[in-house]
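Engineer: There's a structure below that I have some questions on.
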Amino acid sequence: DMTSSYQHAFVYLRQLALHLRGACTKKTKEALQKVQSWQFLNCLRAWAAVLTAYPGADQLQDLFFPLIQITLGVAKLVPSSRYYPLLFHCVNLIQRLSARAKVFVPCAAMLLDVLENPGLCKKPKASTDAAPNLH
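With the working numbering as the guide, the letters of the sequence shown map in order to residues 38 to 172.
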């Protein structure tokens with residue numbers, strides 16, 4: 038039943054958007070941790086999987102834009118090198134959604150910012166610590 042599926046998905050995407058808006062406005066540690074967590078990322082992944090499974094115009098196509106906007110918001114929330122893995126996960130989700138929806142979503146600027154980070158150009162510091170056990 039696509040009508041009830043659309044309403045159900047809309048409610049949960051709206052809830053994700055409210056968490057993101059709270060993190061953007063409050064900027065508290067707790068609010069940011071809600072958005073920059075594996076639970077939130079897995080929610081984005083789950084809804085991306087649902088939407089890509091039903092991309093038709095008579096299905097869930099209208100929800101692609103809100104999910105892409107939420108994912109872009111998460112990716113741009115804290116521009117720090119600590120959150121580059123989260124950025125890469127978000128860009129991967131956006132690319133999958135845009136390919137399935139057949140729309141162009143520019144992500145190159147976010148990825149180029151990673152390459153322009155001055156921390157990537159620094160020489161590595163010597164360490165006297167023992168090598169990690171990779172086994």
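We put the CB at the ideal spot given by N, CA and C, even for glycine. Since the structure is predicted, the reported quantities are computational estimates derived from the model, not experimental observations.
Using 8 Å as the Cβ pair cut-off and three pairs as the minimum, do the region 144 to 151 and the region 126 to 136 touch?
Structural biologist: The answer is yes - the region 126 to 136 touches the region 144 to 151, with three or more Cβ pairs under 8 Å.
Engineer: Assign N154 to one of three DSSP states: helix, strand, or coil.
Structural biologist: Of the three classes helix, strand and coil, the one that applies to N154 here is coil, per DSSP.
Engineer: Can you give me the C-alpha to C-alpha distance between K71 and F77, rounded to a whole angstrom?
Structural biologist: If you take the alpha carbons of K71 and F77, they lie about 7 Å apart.
Engineer: Return helix, strand or coil for G93, following the three-state DSSP convention.
Structural biologist: G93: coil per DSSP, three-state reduction.
Engineer: My guess is that R137 and T89 are in contact by the Cβ rule of under 8 Å, so how many angstroms apart are they, rounded?
Structural biologist: Confirmed, Cβ separation roughly 4 Å.
Engineer: Alpha carbons only, please: which of Q96, N79 and T65 is nearest the one belonging to H45?
Structural biologist: Per the Cα distances, Q96.
Engineer: Compute the distance between the beta-carbons of I105 and L50, then report whether it is under 8 Å.
Structural biologist: Contact: no.
Engineer: Do you know whose CA, among S135, A168, V111 and L109, lies nearest Q98's CA?
Structural biologist: Comparing Cα-Cα distances from Q98 to each of S135, A168, V111 and L109, the minimum goes to S135.
Engineer: Enumerate in chain order the residues of its own chain whose CB-to-CB distance from N154 is below 6 Å, with the five nearest sequence positions on each side excluded.
Structural biologist: S118.
Engineer: Would you report the Cα separation of K113 and R58, rounded to the nearest angstrom?
Structural biologist: Those two C-alpha atoms are separated by around 12 Å.
Engineer: Looking only at its chain, what residues have a beta carbon closer than 8 Å to the beta carbon of L123, apart from the 5 residues adjacent to it on each side?
Structural biologist: Result list for L123: Q73, L78, V111 and A112, in chain order.
Engineer: Just reading off the alpha helix (DSSP H) that S42 is part of, what are its end residues?
Structural biologist: From DSSP, the alpha helix (DSSP H) with S42 extends over M39 to K63.
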